[in-house]
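>
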Amino acid sequence: MPERIEVLLSEDEVDARIKAIGEQISRDYEGKEVHLVCVLKGGTFFMCELAKRITVPVSMDFMSVSSYGNETKSSGVVRIVKDLDEPLKGKDVIVVEDIVDSGRTLSYLLEMLRDRGPASLRLCTLLDKPDRRVVHVDVDYTGFQIPDEFVVGYGLDYAQRYRNLPYIGIVKFD
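Sequential numbering from 36 applies to the sequence shown in the working numbering.
#1: I think G188 touches E132, with their Cβ atoms under 8 Å apart; what is that distance to the nearest whole Å?
#2: Please report how far the alpha carbon of V93 lies from the alpha carbon of G57, in whole angstroms.
#3: Could you please give the first and the last residue of the uninterrupted alpha helix (DSSP H) stretch that includes R151?
#4: Helix, strand or coil for L71 per DSSP?
#5: Whose CA, out of V206, K207, Q180 and A194, lies closest to the CA of V26?
#6: Judging by CA-CA distance, which residue of V113, V130 and K207 is the nearest neighbour of C210?
#7: Y202 by DSSP, collapsed to three states: which one?
#8: Which ranges would you report for the beta strand (DSSP E) in the segment 81-146 if only whole runs of at least 3 residues count?
#9: In three-state DSSP terms, what is V49?
#10: Residue range of the beta strand (DSSP E) that R39 falls in?
#11: Tell me the rounded alpha-carbon separation between E38 and Y197.
As structure tokens, this is what we get:
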């Protein structure tokens, strides 16, 4: 059954919103340096575009976590696949995610990172699906709240495809 992609958020809409978030972060961290932590793989596109729009000094690191194994639903058990290269102690950290869904993995991840002693810890996501939330997670910077649809593009994939789309699309199966 072939799928088709229906545009939910255009490239221009996504670009404008990332610019606005970058401006807000720049104001919030004026006079400071911000350390962005990207949750791989999906967050890569968003973090790179966001970093270009932040005017205060930026450093970056990457982390990969898994709570799915070979399943399509989260097991609730979070496994670190790739940890950070640098310590967080004393840094102003923003975790950058592509999408906040159930909140299970992010809740665990944020608690773990908080234990590493950052000066501050915030969460920034391109997409938020509040209807899917099972565990409360405070999101400090949100690109868009979206309906409970399976979305791709801008780093989000379906079977490792469509990450490179410059817009956010809904996967539709005919």
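We put the beta carbon where it would ideally sit given N, CA and C, even for glycine. Computed from a prediction, not measured in an experiment: that's the story for all the values here.
Concretely, from the data shown:
#1: The Cβ separation is near 15 Å, so there is no contact.
#2: Distance between the alpha carbons of V93 and G57: 11 Å.
#3: First-last for R151: undefined, no H or E at that position.
#4: Strand.
#5: In this structure the chain extends from 36 to 209, so residue 26 is not present and cannot be described.
#6: Nothing can be reported for residue 210, as the shown portion of the chain is limited to 36 through 209.
#7: Y202: coil per DSSP, three-state reduction.
#8: The qualifying runs are 93-101, 114-117 and 127-135.
#9: Residue state, collapsed to three classes: helix.
#10: That run of the beta strand (DSSP E) goes E38 to L44.
#11: Across the structure, E38 and Y197 are spaced so that their CA atoms are roughly 11 Å apart.
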